[in-house]
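Since the structure comes first, as structure tokens, the remarks are kept for the end.
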Amino acid sequence: MATLSTCTPRGLASYKFWDDSDEIVWPETASLPPPPPQVVAPVEQEPWASKPWKELQARTDTKVKRAAEAAREHLLGGVYAHLPHSELDWSLDGVYTCRVVGLPCYGKSGVRLMQALIKHLNNQTHLKHEAEIAVAWVEPPSSSSQPSPSLHQPPTPIAPAAETEFMEVDERVGSRKSHRHLVFCCYC
């Protein structure tokens, strides 16, 4: 069995750490602060309490539909990510429903697995539809000799605006002769 022992330097054993002649004055116990006043919310009738239940049901149904659409978009957004230009209808029920508006398969759910839906969305019909919409977003090239405003690119760290210009390709760029097209030149 171990015995607890303390070691004190010589002379410290007889040293008193306090003065017996001083009277110890204990502070009086402070009273507890008064409790904060209770804040009571005014009791008012809820605004929905006076509405008819059919109106409340209609509002709730609308909120549930919006939440379901947001959940479908969150769940399936990655599956439709390769179709950025296509219009998608997230209000359609079902997980495996084709949501691409404007196609014959819109609203149909002929598949029962996520992999089958992914395969369906990557078929030629969907990809061709996406390409047609993407082409419609691009404006046709201008027939004038001046570069069209759509060709102007915003400045980048590699090509700041002051160092960027358009030029005819008939001019020499460095030591190369180019064909007759408009090109984007950067003097960095």
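When you line the sequence shown up against full-length UniProt numbering, it's residues 1 to 188, in that order. The beta carbon of each residue, even a glycine, is placed where N, CA and C say it ideally should be. This one's a predicted model, so the numbers in the text were calculated from it and none came from an experiment.
The segment 74-143 is shown to contain whole alpha helix (DSSP H) runs of 4 or more residues at 114-121 and 124-137, in chain order. Classified as buried, L121 has 16 or more neighbouring CB atoms from the shown chains inside 10 Å of its CB. Under the criterion of beta carbons closer than 8 Å, L103 and T125 qualify as touching, at roughly 6 Å.
With the rule of 3 Cβ pairs closer than 8 Å, the segment 82-89 counts as touching the segment 97-112. The C-beta of R112 has fewer than 16 other C-beta atoms within 10 Å across all chains shown, which makes the residue exposed.
Residue burial is scored here from C-beta neighbours: R59 has fewer than 16 other C-beta atoms within 10 angstroms and is therefore classed as exposed. Only buried fits R72, as 16 or more other CB atoms lie within 10 angstroms of its CB.
Note on L56: under 16 other CB atoms within 10 angstroms of its CB, so exposed under the neighbour-count rule.
Here Q38 carries a coil assignment [DSSP, helix/strand/coil].
Proximity to K128 across H82, Q38, K65 and S109 peaks at H82, based on C-alpha coordinates.
In the three-state scheme derived from DSSP, where H, G and I count as helix and E and B as strand, D22 is classed as coil.
In the three-state reduction of the DSSP assignment, L32 falls in the coil class, being assigned neither a helical nor a strand state.
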